[in-house]
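Asks:
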Amino acid sequence: MVDDHYKLIFTGAVAPNTSTALVGDDLAARFNLTRVMIDRLFSGGDVVLKNGVDYATASKLKRAFENAGAICRIESNRAPKNITDLPATPQVAKQVMAKVADPETRVEDLQKVLAADQQLTAKILRIANSSFYGGHRSVSNLSDAIVRLGFKTIKNLVIASAVKSLSGKSGFVQDLLWQHSIGCAIAAQTIARKVNYRQLEEAFLVGLMHDIGKVVFHLQAPDVMLAVTQQLYNEPHWDRDEIERERFGVGHAEVGRQVAEKWHFPETIEEAIAWHHQPRHASREPVLAQITQLADAICHKLEIGPIRKPDLDLAGLASAGDLQLGAQDLDELAARIGTTYETEKSAFLL
Numbered sequence: 367m368v369d370d371h372y373k374l375i376f377t378g379a380v381a382p383n384t385s386t387a388l389v390g391d392d393l394a395a396r397f398n399l400t401r402v403m404i405d406r407l408f409s410g411g412d413v414v415l416k417n418g419v420d421y422a423t424a425s426k427l428k429r430a431f432e433n434a435g436a437i438c439r440i441e442s443n444r445a446p447k448n449i450t451d452l453p454a455t456p457q458v459a460k461q462v463m464a465k466v467a468d469p470e471t472r473v474e475d476l477q478k479v480l481a482a483d484q485q486l487t488a489k490i491l492r493i494a495n496s497s498f499y500g501g502h503r504s505v506s507n508l509s510d511a512i513v514r515l516g517f518k519t520i521k522n523l524v525i526a527s528a529v530k531s532l533s534g535k536s537g538f539v540q541d542l543l544w545q546h547s548i549g550c551a552i553a554a555q556t557i558a559r560k561v562n563y564r565q566l567e568e569a570f571l572v573g574l575m576h577d578i579g580k581v582v583f584h585l586q587a588p589d590v591m592l593a594v595t596q597q598l599y600n601e602p603h604w605d606r607d608e609i610e611r612e613r614f615g616v617g618h619a620e621v622g623r624q625v626a627e628k629w630h631f632p633e634t635i636e637e638a639i640a641w642h643h644q645p646r647h648a649s650r651e652p653v654l655a656q657i658t659q660l661a662d663a664i665c666h667k668l669e670i671g672p673i674r675k676p677d678l679d680l681a682g683l684a685s686a687g688d689l690q691l692g693a694q695d696l697d698e699l700a701a702r703i704g705t706t707y708e709t710e711k712s713a714f715l716l
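Using this note's numbering, the letters of the sequence shown map in sequence onto residues 367 to 716.
1) In three-state terms, what does DSSP make of Glu610?
2) Does DSSP put Gly378 in a helix, in a strand, or in coil?
3) At the level of alpha carbons, what is the spacing between Leu699 and Val653?
4) Would DSSP call Val561 helix, strand or coil?
5) Near Ser504, which residues of its chain fall below 8 Å by C-beta distance, leaving aside the five closest residues on each side in sequence?
6) Helix, strand or coil: which one does DSSP assign to Ala701?
7) Using CA coordinates, which residue listed in Thr706, Asp391 and Lys628 is at the minimum distance from Ile730?
8) For Ile440, which residues does DSSP report across the bridge?
9) For Ala445, which of helix, strand or coil comes out of DSSP?
10) Using a Cβ-Cβ cutoff of less than 6 Å, which residues in the same chain neighbour Ile578 once the five nearest sequence positions on both sides are dropped?
11) With 16 as the cutoff for other CB atoms within 10 Å, does His618 come out buried or exposed?
12) Please go through the same chain and pick out, in chain order, the residues whose beta-carbon is closer than 6 Å to the beta-carbon of Asp405, but skip the five residues on each side of it.
13) Starting from Lys460 and walking both ways along the alpha helix (DSSP H), at which residues does that stretch end?
14) Does the distance from the C-beta atom of Lys460 to that of Leu415 stay below 9 Å?
15) Going by other Cβ atoms of all chains shown within 10 Å of its Cβ, with 16 needed for buried, is Ala382 buried or exposed?
16) Alpha carbon to alpha carbon, how far is Leu696 from Gln690? Give it in angstroms, no decimals.
17) Let me check one thing: in DSSP terms, what residues is Val616 bridge-paired to?
18) When you compare the stretch 681-690 with the stretch 594-613, are there three or more beta-carbon pairs, one atom per stretch, that lie closer than 8 Å?
19) Would you say the stretch 580-599 touches the stretch 537-553, given that touching needs at least three Cβ pairs under 8 Å?
20) Between the C-alpha atoms of Ile557 and Met403, what's the straight-line distance to the nearest angstrom?
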């Protein structure tokens, strides 16, 4: 049965450094459009170009418009199965996020919340003593660990632990997704330091959470997610977004955005998760989305997670150019990230 529930939407915009007039002329020639139609397309806002078609047809039309320099997107008319059933913020994470957001919170206040969970306390102590956080002098109590790591990092680690618990017991999909999440978190923070992006904790959090949509897919349809993950693991050239939209009716980045919204993350983090594959669409904090895309790509190149692309050309990524990172910079970053991940992964695998 054909899934004819997709629509192609023109966003009214053209690719960077592209002339709107030339794009209009190209579209008119390609699709035999009148000047009135072209003017309507560029009148501002979204325009539905085609509705009620299967994904392959929508994708073919999208490529044709993009070849002319236009920016389009594909959406499903069908609400994805159980998409309203997004995971709630885990209780401990909710309490810690509230404490960290309160400027009156003291170390003792945060310690009281964390101490109720002995497993979480042990994880925080282990990470506080890792070399990633400068653990040259051992700390043995929760209070010292909080001081060393800082409130924002504690919050990120609690969220990480919550996401790991959410993912369920160890398995092919869960393990690969978690390895990739930790790898991207380390990579994003490393890249942020390199480009002098000051919000290191935010970079770590987006790296950690950028694929939370995949966790939701696994929770809702584990058999389907297993098949998708195995396909991409063995054949990484496949378009993941296309496969996800065919199987789930939506891409993982959009589901991730919805989780970030439900968990009351800042809008900059929500946006970076939404656009980590298309960072130039991010308007609030494009650098954060660029860092996340590059971190994701470096992990693919290093084969950290379910997608393995050892021959990936990092210098060809738009985000590498936008962050002003040359080939030598990228090689050095990839080497540093790979070494750090191998050294620190046991501490972070929670």
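Think of the CB as a built atom: it goes at the ideal place given N, C-alpha and C, for glycine as much as any other residue. Just so we're clear, the structure is a prediction, and the values are computed from it rather than from any experiment.
Replies: The answer reads as follows:
1) To locate residue 610, count along the sequence shown from 1; it is residue 244. Three-state result, Glu610: helix.
2) In the sequence shown, counting from the first residue as 1, residue 378 sits at position 12. Gly378: strand per DSSP, three-state reduction.
3) The count along the sequence shown starts at 1 and reaches residue 699 at position 333. The count along the sequence shown starts at 1 and reaches residue 653 at position 287. Computed Cα separation, rounded: 17 Å.
4) Reading the sequence shown from its first residue, position 195 is the one you call residue 561. Correct three-state label for Val561: coil.
5) Along the sequence shown, read from residue 1 onward, the residue named residue 504 stands at position 138. For Ser504, where only same-chain residues beyond five positions count, the Cβ hits under 8 Å are Asn495.
6) Looking up residue 701 in the sequence shown gives position 335. Ala701: helix per DSSP, three-state reduction.
7) Outside the modelled stretch of the chain, which goes from 367 to 716, sits residue 730, for which no answer is possible.
8) Translated into positions along the sequence shown, residue 440 becomes position 74. Ile440 is bridged by DSSP to Leu374.
9) By one-based count along the sequence shown, residue 445 stands at place 79. The pLDDT assigned to Ala445 is 47, lower than 50, so where the model puts this residue is not dependable, and the model offers no usable value.
10) If you number the sequence shown from 1, residue 578 lands on position 212. Gly622 and Val625, listed in sequence order.
11) For the purposes of this step, residue 618 is identified with residue 252 of the sequence shown, where counting begins at 1. It is buried - the Cβ of His618 has at least 16 other Cβ atoms within 10 Å.
12) Here residue 405 refers to the residue found at position 39 when the sequence shown is read from its first residue. There are no such residues.
13) As a first step, residue 460 is located in the sequence shown; it is residue number 94 there, counting from the start. In this chain, the alpha helix (DSSP H) harbouring Lys460 covers Gln457 to Ala467.
14) For the purposes of this step, residue 460 is identified with residue 94 of the sequence shown, where counting begins at 1. For the purposes of this step, residue 415 is identified with residue 49 of the sequence shown, where counting begins at 1. Contact flag unset, no.
15) Taking the first residue of the sequence shown as 1, we reach residue 382 at position 16. In the sequence under discussion, the amino acid at residue 382 is Pro, which differs from the Ala named in the question. Pro382 comes out exposed.
16) Within the sequence shown, numbered from 1, the residue matching residue 690 stands at position 324. Within the sequence shown, numbered from 1, the residue matching residue 696 stands at position 330. Looking at the two C-alpha atoms, the distance is approximately 10 Å.
17) By 1-based counting over the sequence shown, the position of residue 616 is 250. Looking at the DSSP output, Val616 shares a beta bridge with no other residue.
18) Taking 8 Å as the limit for Cβ pairs, the verdict is that the stretch 594-613 does not touch the stretch 681-690.
19) Here the stretch 580-599 makes contact with the stretch 537-553; the two share three or more CB pairs at distances below 8 Å.
20) Taking the first residue of the sequence shown as 1, we reach residue 557 at position 191. Taking the first residue of the sequence shown as 1, we reach residue 403 at position 37. Straight-line measurement puts the Cα of Met403 at about 44 Å from the Cα of Ile557.
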